[in-house]
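Asks: Under the numbering used here, the first residue of the sequence shown carries the number 20, and numbering increases by one thereafter.
From the three backbone atoms N, C-alpha and C, an ideal C-beta is built for every residue, glycine too.
Please find one structure pasted underneath; my questions will follow.
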Amino acid sequence: MQEHHAGLLLLFFASPTNSCTEQENNSLINFLDGLMPDDNGGLNVSWMKGTGCCKWEGIIYSSDGTVIDVLLASEGLKGGISPSLGNLTGLLHLNMSQNSLEGSLPTVLVFSKSIIGLDVSFNHLKGHLQEMQSSNPSLPLQVLNISSNSFTGQSPLTTWEVTKNLVAFNASNNSFTGQIPSSICINAPSFSMLDLSYNQFSGNISLGLGSCSMLRVLKVGHNHLTRALHVGLFNATSLEHLSLANNGLQGVLDGSHILKLSNLNVLDLGSTGLCGKIPDSVGQLRRLKKLYLDNNNMCGELPSTLGNYSNLGYITLRNISFTGDLSKVNFTMLDMRTTDFSMNNFSGTIPESIYSCTNQ
20 MQEHHAGLLL
30 LFFASPTNSC
40 TEQENNSLIN
50 FLDGLMPDDN
60 GGLNVSWMKG
70 TGCCKWEGII
80 YSSDGTVIDV
90 LLASEGLKGG
100 ISPSLGNLTG
110 LLHLNMSQNS
120 LEGSLPTVLV
130 FSKSIIGLDV
140 SFNHLKGHLQ
150 EMQSSNPSLP
160 LQVLNISSNS
170 FTGQSPLTTW
180 EVTKNLVAFN
190 ASNNSFTGQI
200 PSSICINAPS
210 FSMLDLSYNQ
220 FSGNISLGLG
230 SCSMLRVLKV
240 GHNHLTRALH
250 VGLFNATSLE
260 HLSLANNGLQ
270 GVLDGSHILK
280 LSNLNVLDLG
290 STGLCGKIPD
300 SVGQLRRLKK
310 LYLDNNNMCG
320 ELPSTLGNYS
330 NLGYITLRNI
340 SFTGDLSKVN
350 FTMLDMRTTD
360 FSMNNFSGTI
370 PESIYSCTNQ
């Protein structure tokens with residue numbers, strides 16, 4: 020009998036509590052109270068006061084009953100994000116994307132000592148991102164997605180000094196100004212994805228980005244960036260996706276430098292103001308699947324090496340000033356899905372090899 024009682028006692032302590040703390044309950048209720056009563060995604064029904072929040076919709080808890088995830092994407096939520104969510108001291112992931120949330124993003128969430136993934140994309144949030152003093156301890160935040168909102172102001176430079184665990188940052192489709200942060204990769208050695216497209220950033224493309232040894236995706240298109248491409252950018256040799264489209268860049272595409280980016284799948288330099296010829300070395304980027312060079316000031320003939328690609332499926336060279344005979348390029352090897360060579364000065368006939376492309 021004593022052994023039976025001891026077994027029950029061990030089972031009791033090994034079982035999850037299935038109960039949130041009073042602080043967690045109150046924090047979530049305060050968030051709910053900040054939403055519009057008629058636009059809270061039915062949370063007022065699911066989140067009943069007096070019931071354990073571990074049973075509420077969108078709430079994920081650990082074996083000890085601690086709230087670790089709040090997942091409320093696409094719930095039709097309207098209203099503000101309450102800072103009370105910062106009292107969820109065990110929170111790891113907060114996803115409130117694709118709602119109609121308004122107001123500012125509480126600083127306590129960005130500077131949380133527990134959150135590793137924060138996604139508030141596709142809302143109506145506004146305001147500035149606050150500075151975080153570099154003397155503060157490093158934050159655990161790894162993924163920050165604030166894209167498709169109405170944030171303004173400059174990128175907080177000192178904040179990146181304490182986000183040493185950051186892997187991905189998406190702030191696209193906002194109204195940020197100033198220069199692209201230069202130290203983001205220096206302080207976060209595992210940083211691999213930066214999307215700042217569709218903003219109002221100006222100046223040149225940061226030299227510091229060349230020190231991003233793990234950077235795989237860089238999207239800074241549709242801004243007000245100027246000046247020539249700095250050679251240091253081509254030191255980011257892990258890049259797989261490089262998009263600089265619709266900026267005011269200058270200069271030529273250097274063949275020796277572009278060769279360093281041998282892992283590229285996507286190269287988008289459309290509407291950047293580049294001039295000169297397409298270097299022959301572009302044909303040595305064997306992993307390239309998409310090439311966009313449209314609406315530039317480039318000239319000359321297409322390099323014959325353009326036919327070396329076996330994976331290239333999309334190529335847009337519209338509205339440039341290319342000349343020469345297209346038949347000099349053998350398109351047989353290309354896995355082509357979409358081509359656009361319109362508004363150029365090509366001569367001769369359309370080469371028969373272009374009809375041999377696998378997916379044409």
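(1) Could you tell me which of L128, F220 and S131 sits nearest to Q173, measuring between CA atoms?
(2) With distances taken from CA atoms, which of S209, M151, H260 and S116 is nearest S93?
(3) In this structure, how does DSSP classify V236 when only helix, strand and coil are distinguished?
(4) So, at 7 Å on beta carbons, what are the nonlocal neighbours of Q161 in its own chain, with the 5 sequence-adjacent residues on each side left out?
(5) Which residues in the same chain as E22 place their Cβ atom closer than 7 Å to its Cβ, once the five residues preceding and following it in sequence are excluded?
(6) Quick one: residues in its chain with C-beta nearer than 7 Å to the C-beta of Q42, no 5 flanking neighbours on either side, listed in chain order?
(7) Would N118 pass as a contact of L90 if the rule is Cβ separation under 7 Å?
(8) Can you tell me the Cα-Cα spacing of T245 and N59, whole angstroms?
(9) Taking the straight line between their C-alpha atoms, what separation do you get for T358 and L331?
(10) Should S230 and I205 be called a contact, given that it needs their Cβ atoms to be closer than 7 Å?
(11) What's the C-alpha gap between V64 and N44?
(12) At the level of alpha carbons, what is the spacing between H24 and S82?
(13) For M389, count neighbouring C-beta atoms within 10 Å of its own C-beta (all shown protein chains included) and say buried if the count is 16 or more, exposed if not.
(14) Contact defined as beta carbons within less than 8 Å: I believe S257 pairs with S216. What is the distance between those atoms, to the nearest angstrom?
(15) Quick one, are the C-beta atoms of V271 and G295 less than 7 Å apart?
(16) Do you know offhand how far D227's Cα is from K238's?
(17) Going by C-alpha distance, which of M317, D313 and L283 is nearest Q303?
(18) Could you tell me the distance, in whole angstroms, from the CA atom of N254 to the CA atom of S281?
(19) For R235, which residues in the same chain have their Cβ closer than 6 Å to its Cβ, ignoring the five residues on either side in sequence?
(20) Which runs of the beta strand (DSSP E) fall wholly inside the region 320-345 and span at least 3 residues, in chain order?
(21) Can you grab the Cα-Cα spacing for the pair V127 / S101, in whole Å?
(22) Could you spell out the range, first to last residue, of the alpha helix (DSSP H) harbouring L128?
(23) Can you tell me which of the three DSSP states T245 falls into?
(24) Taking DSSP as the reference, what is the three-state secondary structure of N114?
(25) Which residue comes first and which comes last in the beta strand (DSSP E) that contains H143?
(26) L111 to S46, Cα distance in whole Å?
Replies: Taking the coordinates as given:
(1) Ranking the options by Cα distance to Q173, first place goes to F220.
(2) With distances taken between CA atoms, S93 lies nearest to S116 out of S209, M151, H260 and S116.
(3) Strand at V236.
(4) Here the set comprises I135, G136, N184, L185 and V186.
(5) Reliability fails at E22, whose pLDDT of 47 lies under 50, so the model's placement of it is uncertain and the value that follows must be treated cautiously. Exclusion of the five residues before and after E22 leaves no residue of its chain whose Cβ lies closer than 7 Å to its Cβ.
(6) The beta carbon of Q42 sits closer than 7 Å to those of N106, all from its chain and outside the five residues before and after it, given in chain order.
(7) For N118 and L90, no; Cβs fall outside 7 Å.
(8) The straight-line gap separating the alpha-carbon atoms of T245 and N59 is approximately 44 Å.
(9) For T358 and L331, the distance between alpha carbons rounds to 10 Å.
(10) Cβ atoms of S230 and I205: closer than 7 Å.
(11) If I take the Cα positions, the gap works out to 15 Å.
(12) Note that H24 scores a pLDDT of 45, beneath 50, so its modelled location is shaky and nothing firm can be said.
(13) What the structure shows of the chain is the stretch from 20 to 379, and residue 389 is not part of that stretch, so it cannot be assessed.
(14) Cβ atoms of S257 and S216 stay farther apart than 8 Å, at about 19 Å.
(15) In this structure, G295 lies closer than 7 Å to V271 by Cβ.
(16) Contrary to the premise, residue 227 reads as Gly rather than Asp in this sequence. Rounded to the nearest angstrom, the two C-alpha atoms are 15 Å apart.
(17) Distances from the alpha-carbon of Q303 to those of M317, D313 and L283 put L283 closest.
(18) About 11 Å.
(19) So the qualifying residues of the chain are S211, S257 and E259.
(20) Here the runs fully enclosed are 333-335 and 340-344.
(21) When rounded, the distance between both Cα atoms is 10 Å.
(22) That run of the alpha helix (DSSP H) goes T126 to V129.
(23) The DSSP-derived three-state label of T245 is strand.
(24) Assignment of N114 by DSSP, reduced to helix, strand and coil, places it in the strand class.
(25) Unbroken beta strand (DSSP E) run through H143: H143 to G146.
(26) Computed Cα separation, rounded: 15 Å.
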